[in-house]
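J.: Following this message is one structure expressed as structure tokens.
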Amino acid sequence: LSGGLAAWHLYAYMLLVGVGFAVGVSARRAVYADAVGSTLLLNALALDLLGFEIVRIAAPTLVGVVVALWGVPAAFAGQLALYLAVFLALLPVRAKRHDIRRVTQQSPLHNLSEGLRYAAGHSTVAANLLLSLVVFLTGPDIFFFVLPVYVRDTLHLGAEGVGLLGSASAMGGIAGGLVASAAGQQYRKGALLPLALGAMALSMLGLGAGNWLVGALVCAFGMGGCLVAFRALNEASIQQAIDPAFRGRV
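Here it is in structure tokens:
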């Protein structure tokens, strides 16, 4: 706001955002599991992911308008105001109480290692965590990092191509969250997870093999939808399987 923005400010800001995101996501999902119970847990997780996809579509447009009219400092000020509003909205939330004395009496490193040992000894949790790691390292998240290069070298487009594919992926994510929420109440999550993974892989193969914009948009839509469906099903499977004492650590 003072106009003295330097590069290190951005690095520090992104570091804090990353730490806050990691802690916030873990805490939020643990609260969901306690607040809604196992029956509605998948719906709650899908709704959380849906909100993220909606923001992916709306936020760039909104921020672009704010920057054009009032500049970058106004955009950061608006973000700060939104964080404050969320903080105030969370104050009345009361999560279910658990006996955490054994956890708080140990060091953070000990609690982390205990969570890892618990996950490794629980077949359902370990399998789902492994799947999540594989998807993170090889799936759409990695592709989005190289999306500008793909758009430039394969589709021969500029920023408009990046925006179109990003929006298609976000719209697919909204559809995928709705499908996962509905189908997860009727079919076993263990049967739906391989379907989501297979469809995600096919979408990524189609995206990498073609150089046609319409085909790329269709594949991006499918990739985003399958990714959100997978995340909702995967996280619901983990949260329903673990001991409540390990929520937030696993």
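Counting in our numbering, the sequence shown runs from 67 upward without gaps. A virtual CB, placed ideally from N, CA and C, is assigned to each residue, including glycine.
#1: Does N277 pass the burial test, meaning 16 or more other C-beta atoms within 10 Å, or should it be called exposed?
#2: Taking DSSP as the reference, what is the three-state secondary structure of I120?
#3: Specify, as a first and last residue, the run of the alpha helix (DSSP H) that N277 falls within.
#4: Please check the pair L283 and L244, which I expect to be a contact at CB under 8 Å, by giving their CB distance rounded to whole angstroms.
#5: Hey, could you find the ends of the alpha helix (DSSP H) G242 is sitting in?
#6: Which term fits S269, buried or exposed, when burial requires 16 or more other beta carbons within 10 angstroms of its beta carbon?
#7: Where do the N-terminal and C-terminal ends of the alpha helix (DSSP H) with G205 fall, by residue?
#8: So is R313 buried or exposed if we call it buried at 16+ other beta carbons inside 10 Å?
#9: Near L135, what residues of its chain come up, given a Cβ to Cβ distance below 6 Å and the 5 sequence neighbours on each side ignored?
#10: Does DSSP put S61 in a helix, a strand or coil?
#11: Taking R315 and N177 to be in contact with their CB atoms under 8 Å, please state how far apart those CB atoms are, rounded to whole angstroms.
#12: Among V121, I120, A141 and R218, which residue has its Cα nearest to the Cα of G130?
#13: One question on the structure: do Q305 and L148 come within less than 7 Å of each other, judged by their Cβ atoms?
#14: Out of L82, V215 and L111, which has the shortest C-alpha to C-alpha gap to R94?
#15: Which residue wins for smallest C-alpha separation from L258, given the options L299, L115 and V215?
T.: Considering the structure as presented:
#1: Looking up residue 277 in the sequence shown gives position 211. N277 is exposed by the Cβ-count criterion.
#2: Working through the sequence shown from its first residue, we reach residue 120 at position 54. In this structure, I120 counts as helix in the three-state DSSP scheme.
#3: Within the sequence shown, the letter at position 211 stands for residue 277. Element bounds for N277: n/a, residue is neither H nor E.
#4: Stepping through the sequence shown from its first residue, residue 283 is reached at position 217. Stepping through the sequence shown from its first residue, residue 244 is reached at position 178. Not confirmed; about 19 Å, so no contact.
#5: Numbered from its first residue, the sequence shown carries residue 242 at position 176. Its alpha helix (DSSP H) spans residues A225 to A249.
#6: As a first step, residue 269 must be located in the sequence shown, where it is residue number 203. With 16 or more Cβ atoms within 10 Å of its Cβ, S269 is classed as buried.
#7: Counted from its first residue, the sequence shown places residue 205 at position 139. Element bounds for G205: n/a, residue is neither H nor E.
#8: Taking the sequence shown and counting its residues from 1, the one referred to as residue 313 is at position 247. Label assigned to R313: buried.
#9: Translated into positions along the sequence shown, residue 135 becomes position 69. Around L135: no qualifying Cβ.
#10: For the chain, the structure presents residues 67 to 316; residue 61 sits outside this window and is missing.
#11: On the sequence shown, residue 315 is found 249 positions in, with the first residue counted as 1. On the sequence shown, residue 177 is found 111 positions in, with the first residue counted as 1. R315 to N177, Cβ: 6 Å. Contact.
#12: Reading the sequence shown from its first residue, position 64 is the one you call residue 130. Taking only the C-alpha atoms, the option nearest G130 is A141.
#13: Residue numbering aside, residue 305 sits at position 239 when the sequence shown is read from its first letter. Residue numbering aside, residue 148 sits at position 82 when the sequence shown is read from its first letter. No.
#14: Against the sequence shown, residue 94 aligns to sequence position 28. Closest option to R94, Cα to Cα, is L111.
#15: Here residue 258 corresponds to residue number 192 of the sequence shown, with the count starting at 1. When only C-alpha atoms are compared, the closest one is L299.
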